[in-house]
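Chemist: Residue numbers (my numbering): 11 to 261. Ideal Cβ placement from N, Cα and C applies to all residues, glycine included.
Spelled out as structure tokens, the structure:
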């Protein structure tokens, strides 16, 4: 009569491979005896179990329990990631503003969709920033490019989008103007981030001297002969333009 069930305490298998799980049955005196019919249970189910044959498919650690009546024995099975058949780059979407950084990762994926980190060679196409061999991408120029990870015989590519960063500089156009009273001159403003990408910006317009009228759309109308300064500003940056009001035609 079976008094005890024995099974090795741990096993390791690579995803896709199979192992035979040997259970030893002992009687009350420690003699080997027939195990008879056994019940097998796998929690969690990281593969296929057919009596004592286990084939791992999902990476992780599972516990196999074998029972005969009130007797049971347990073993731990570690399923390791198999040979990579493709590469994948993370994060899934790479879109960032100029001046920011993102850490890229490359994972090797086996035939059962198990993934593990790998250390690839990184390359960047497109003049949009810099990419070091640790996978850190620094965004610079607005536009799109591609990063490529090469590991052993496998490679993967992903599109990278760079958007303008925070406005760091304003430019007024024209920078200088002469206006005959009472004609008008339109001024326009452009914003730029630290890398020189143009940024859409909302500004407040101001006039330093009482030489005319300036609207909040940048339209200046000369009234009083003399010099003035057009100012366009945000809470963090400003730009100026010089304006000279000349006498108008004799009435």
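(1) Assuming residue 256 and residue 191 form a contact by the criterion Cβ under 8 Å, report the distance between their Cβ atoms to the nearest whole angstrom.
(2) Assuming residue 35 and residue 12 form a contact by the criterion Cβ under 8 Å, report the distance between their Cβ atoms to the nearest whole angstrom.
(3) With a threshold of 16 other CB atoms inside 10 Å of the CB of residue 263, please say whether the residue is buried or exposed.
(4) Take every Cβ of the stretch 96-109, pair it with every Cβ of the stretch 63-77, and state whether three or more of those distances are shorter than 8 Å.
(5) In chain order, what residues of the same chain have a beta carbon less than 8 Å from the beta carbon of residue 100, not counting five sequence neighbours either side?
(6) How would you label residue 14, buried or exposed, when you count the other beta carbons within 10 angstroms and need 16 or more for buried?
(7) Can the beta-carbon of residue 158 be found closer than 8 Å to that of residue 198?
(8) Using the three-state DSSP reduction, which class does residue 64 fall into: helix, strand or coil?
(9) Applying the 10 Å Cβ sphere with the 16-neighbour rule, what's the burial state of residue 40?
(10) Give the secondary structure of residue 232 by DSSP, where H, G and I count as helix, E and B as strand, and everything else as coil.
(11) Is the distance from the Cβ of residue 239 to the Cβ of residue 252 below 8 Å?
(12) Assign residue 276 to one of two classes, buried (16 or more other C-beta atoms within 10 Å of its C-beta) or exposed (fewer than that).
(13) What beta strand (DSSP E) runs, 3 residues minimum, are completely inside the stretch 20-87?
(14) Of the residues 236, 42, 45, which one's Cα is nearest the Cα of residue 188?
(15) Just the Cα atoms here: how many angstroms apart are residue 215 and residue 241?
(16) Cα separation between residue 228 and residue 211?
(17) What is the DSSP secondary structure of residue 145, reduced to helix, strand or coil?
(18) Where DSSP assigns a beta bridge to residue 223, which residues make up the other side?
(19) Report the partner residues of residue 105 according to the DSSP bridge assignment.
(20) Please look up how many angstroms separate the CB atoms of residue 56 and residue 33, rounded, as I've assumed it's under 8 Å.
(21) Suppose you measure from the CA of residue 234 to the CA of residue 148; what does that come to, to the nearest Å?
Modeler: Taking the definition as stated:
(1) 7 Å
(2) Rounded, the Cβ-Cβ distance is 5 Å, consistent with contact.
(3) Nothing in the structure corresponds to residue 263, since the chain is present only between 11 and 261.
(4) No contact exists between the stretch 96-109 and the stretch 63-77.
(5) 114, 115, 116, 117
(6) exposed
(7) no
(8) Correct three-state label for residue 64: strand.
(9) exposed
(10) strand
(11) yes
(12) No answer is possible for residue 276: it lies beyond the span of the chain, which begins at 11 and ends at 261.
(13) 20-24, 28-30, 34-36, 49-53, 57-60, 63-66, 70-78
(14) 236
(15) 6 Å
(16) 13 Å
(17) coil
(18) 231
(19) 171
(20) Incorrect: roughly 19 Å between the Cβ atoms, too far for contact.
(21) Taking the straight line joining both Cα atoms gives about 51 Å.
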